[in-house]
Every structure is written in C-alpha cells, then in structure tokens.
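Presented below is the structure to which this report refers.
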Amino acid sequence: MKVHICGARGSTPAPGAEFVQYGGHTSCVAVAHSGQVPSLLLDAGTGIRRVPPLLGDQPFDGTILLGHLHWDHTHGLPFFGGGDHPGTRVDLYLPAQGSDPEGLLARGLSPPHFPITPGQLRGDWRFHALDEGEHQIEGFTVVAREIPHKGGRTFGYRISDGPVTIAYLSDHHPASLGPGPDGFGPYHEAACELASGADLLLHDAQYLPGEWPDRGDFGHSTVGYAVGLATAAGVATLVLFHHDPARTDAEITALTEDARRDSPVAIEAAAEGRMFNLSRLR
Numbered sequence: 052m053k054v055h056i057c058g059a060r061g062s063t064p065a066p067g068a069e070f071v072q073y074g075g076h077t078s079c080v081a082v083a084h085s086g087q088v089p090s091l092l093l094d095a096g097t098g099i100r101r102v103p104p105l106l107g108d109q110p111f112d113g114t115i116l117l118g119h120l121h122w123d124h125t126h127g128l129p130f131f132g133g134g135d136h137p138g139t140r141v142d143l144y145l146p147a148q149g150s151d152p153e154g155l156l157a158r159g160l161s162p163p164h165f166p167i168t169p170g171q172l173r174g175d176w177r178f179h180a181l182d183e184g185e186h187q188i189e190g191f192t193v194v195a196r197e198i199p200h201k202g203g204r205t206f207g208y209r210i211s212d213g214p215v216t217i218a219y220l221s222d223h224h225p226a227s228l229g230p231g232p233d234g235f236g237p238y239h240e241a242a243c244e245l246a247s248g249a250d251l252l253l254h255d256a257q258y259l260p261g262e263w264p265d266r267g268d269f270g271h272s273t274v275g276y277a278v279g280l281a282t283a284a285g286v287a288t289l290v291l292f293h294h295d296p297a298r299t300d301a302e303i304t305a306l307t308e309d310a311r312r313d314s315p316v317a318i319e320a321a322a323e324g325r326m327f328n329l330s331r332l333r
C-alpha cells in the first residue's frame, strides 16, 4: 500500500514562505494498492489539487471518503482536475445524516456560495451516505466509526489491503467525552478500535498543551493525545496531521522532535508530497 500526503493543514490553507516544508494545503490523503495509481482519497481539501500528477494526469477512477463536511475537507472538490473531467468515475461517500447526501454536500457547494452544484461536476459522480461498520471499497477493507468532533457527524477510518493497515482520524475531539487521563480526552473505544495495531496512524495533532485553555473546545486534539493513543493502541508509526494553520515549519519540526522523546512509537509530521510505501515488516 502507498499512502500519499497531499494536504495536511487544518482549518484553512496556509500560504507563505514559513509553511513550505510541511505544506499549506488542507486535508487530503491518496491511497493506492502497490503498483497502481491511487483509487481511494481520504477527504477533499485543497490538497486534492496535488492528486492529478499521481494519476499520470489521467481521469480519476475511484472513491472519495469524506470524514465530515467542514470546508477544509471539501472545498477542493470542484478544483480536482482528475475528478472534474468527462472521463472520470467518482463514488463519494460521506457520513450518513439524512436521506440526501448530494443535497447535504450542496449546502456548501451551490449558488450563491459557489457557481455550480456537486451534480454539475463533469464525469460520472455518485454520492452515497455511509454508515458505521465494515465496507469493501476499491479493493480495501474499510471500517468506519463515528468519532467526536464539533459541527456535524464525523467518521474516522481504518483501511486495510490485507497485509497493511492504516488509520485516519483527521479531526478528533475526545475531550468532549471527558477529560481522560491527561485532560485532553479518553482513549475511547471507537478510537482504539480504529487505531489498534495499525502500521500507520494519521491523527489530528492541531494543538499543544499550552494552547488548550483557549482552544480546548474548538473540536481538535493535542499532540500529546495523539502520541498517547498511538502508544495505547500499539501503532507502528504515528503521523501528526491537521497542523494548525499558524504553525510554521520550524514550530512543527520542534514539536515533532519533542514528541519523539521517550516515545515507543515512531513519529513523523505529515508533509505534502511525502509518500509512505508500506509493507508488513513487523
């Protein structure tokens, strides 16, 4: 399995010289079977604009899984050149909440907020409501579980091709379930199920402990929570994800180095253009 980081920023894009190393595009991760082009995209933030070169600039033929419908995870959709194309086939899934997934997505993607609706994207687009549970999607086994996050139903995902498993919890607010062992939320059942034994965990790490008093109710996690969950779940590698839009390259490097100290888990910071080529080595 190959995992391509196409966008790792949270909340809003972050342009500028201080954000080049880790990138300023919002959440999008492209997943491919070994030897193939990506057929599964996790979220559709502005990072989705980096996907077409991974496809050899051919139309996308695959599935987009949205973790939730906040702007920073959807506003790349109409700018996805591999998707808005006459020859494309896209099955888009979002967490079930009502009977009309396309209409729900159109609340933020239609006039007067945007010139077109989702159904006016070129190619063969189909919109689906996804329930919790295990699903077979693009040759992957996908487990969807609802996780706490403010402002609409949110899923985390566990994706396996058999030998390799990744977990994706891009936006996660466990503190809404209580303080947990360190004051940043409990390692609750859904999060532990998704992360258990994963080869790679991409997890919300937007805040530092010193920022928590002012931002603890914004709907996200701390770096320390991500490390604690990865350790408790027996993850091989943790990828710190959903970087705060004001967090500079130097600051991300520093917090990553700090997180690695005394951690039994390998820790990386998500960076645009980074590719993880995963095989079962442990």
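Residue numbers (the numbering used here): 52 to 333. A virtual CB, placed ideally from N, CA and C, is assigned to each residue, including glycine.
Practice item. Would you mind listing the alpha helix (DSSP H) stretches within the stretch 197 to 259 that are 4+ residues and don't spill past its ends, in chain order? Key: 240 to 246
Check your understanding: Taking the continuous beta strand (DSSP E) assigned at Thr77, which residues delimit it?
Key -> Taking the sequence shown and counting its residues from 1, one reaches residue 77 at position 26. Careful: Thr77 lies outside any beta strand (DSSP E) and carries neither H nor E.
Check your understanding: When the distance is taken between beta carbons, is Gly236 closer than 7 Å to Ala226?
Key -> Translated into positions along the sequence shown, residue 226 becomes position 175. Translated into positions along the sequence shown, residue 236 becomes position 185. Taking 7 Å as the Cβ cut-off, Ala226 and Gly236 qualify as a contacting pair.
Review point. Hey, quick one: how far does the beta strand (DSSP E) through Thr114 stretch, first residue to last?
Key: As a first step, residue 114 must be located in the sequence shown, where it is residue number 63. Its beta strand (DSSP E) spans residues 112 to 116.
**Study point:** Residue interval of the alpha helix (DSSP H) (run including Pro66)
**Key:** Counting from 1 along the sequence shown, the entry for residue 66 is found at position 15. No alpha helix (DSSP H) contains Pro66, which DSSP labels as neither H nor E.
Check your understanding: Cβ atoms of Ser78 and Ser221: under 7 Å apart, would you say?
Key -> Locating residue 221 in the sequence shown gives position 170, counting from the first residue. Locating residue 78 in the sequence shown gives position 27, counting from the first residue. Cβ atoms of Ser221 and Ser78: closer than 7 Å.
Point to revise | Through-space distance from Arg196 to Pro146, alpha-carbon basis | key: Translated into positions along the sequence shown, residue 146 becomes position 95. Translated into positions along the sequence shown, residue 196 becomes position 145. Using only the alpha carbons, I get a separation of about 9 Å.
Point to revise | Residue of Val102, Ala322, Ala283, Arg311 minimising C-alpha distance to Asp295 | key: For this step, residue 295 is matched to residue 244 along the sequence shown. The shortest C-alpha separation from Asp295 is found at Ala322.
Review point. Three-state secondary structure (DSSP) at Pro152?
Key: Working through the sequence shown from its first residue, we reach residue 152 at position 101. Here Pro152 sits in helix by DSSP.
Check your understanding: Can you give the Cα-Cα distance for Phe165 and Pro232, rounded to whole angstroms?
Key -> As a first step, residue 165 must be located in the sequence shown, where it is residue number 114. As a first step, residue 232 must be located in the sequence shown, where it is residue number 181. Their backbone Cα atoms lie some 44 Å apart in a straight line.
Point to revise | Reduced DSSP secondary structure (H/G/I, E/B, other) of Tyr144 | key: Within the sequence shown, the letter at position 93 stands for residue 144. Strand.
Exercise for review: Count the other C-beta atoms from every protein chain shown that fall within 10 angstroms of the C-beta of Met326, then say buried if there are 16 or more, exposed otherwise.
Suggested key: For the purposes of this step, residue 326 is taken as the residue at position 275 of the sequence shown. It is exposed - the Cβ of Met326 has fewer than 16 other Cβ atoms within 10 Å.
Review point. For Glu303, which residues from the same chain have a beta carbon less than 7 Å from its beta carbon, with the 5 sequence-adjacent residues on both sides left out?
Key: Position 252 of the sequence shown, counted from the first residue, corresponds to residue 303. It is Ile, not Glu, that sits at residue 303 in the sequence shown. Here the set comprises Tyr73, His294, Ala320.
Review point. Just the Cα atoms here: how many angstroms apart are Ser211 and Gly127?
Key: Locating residue 211 in the sequence shown gives position 160, counting from the first residue. Locating residue 127 in the sequence shown gives position 76, counting from the first residue. Cα to Cα, the separation comes out at about 25 Å.
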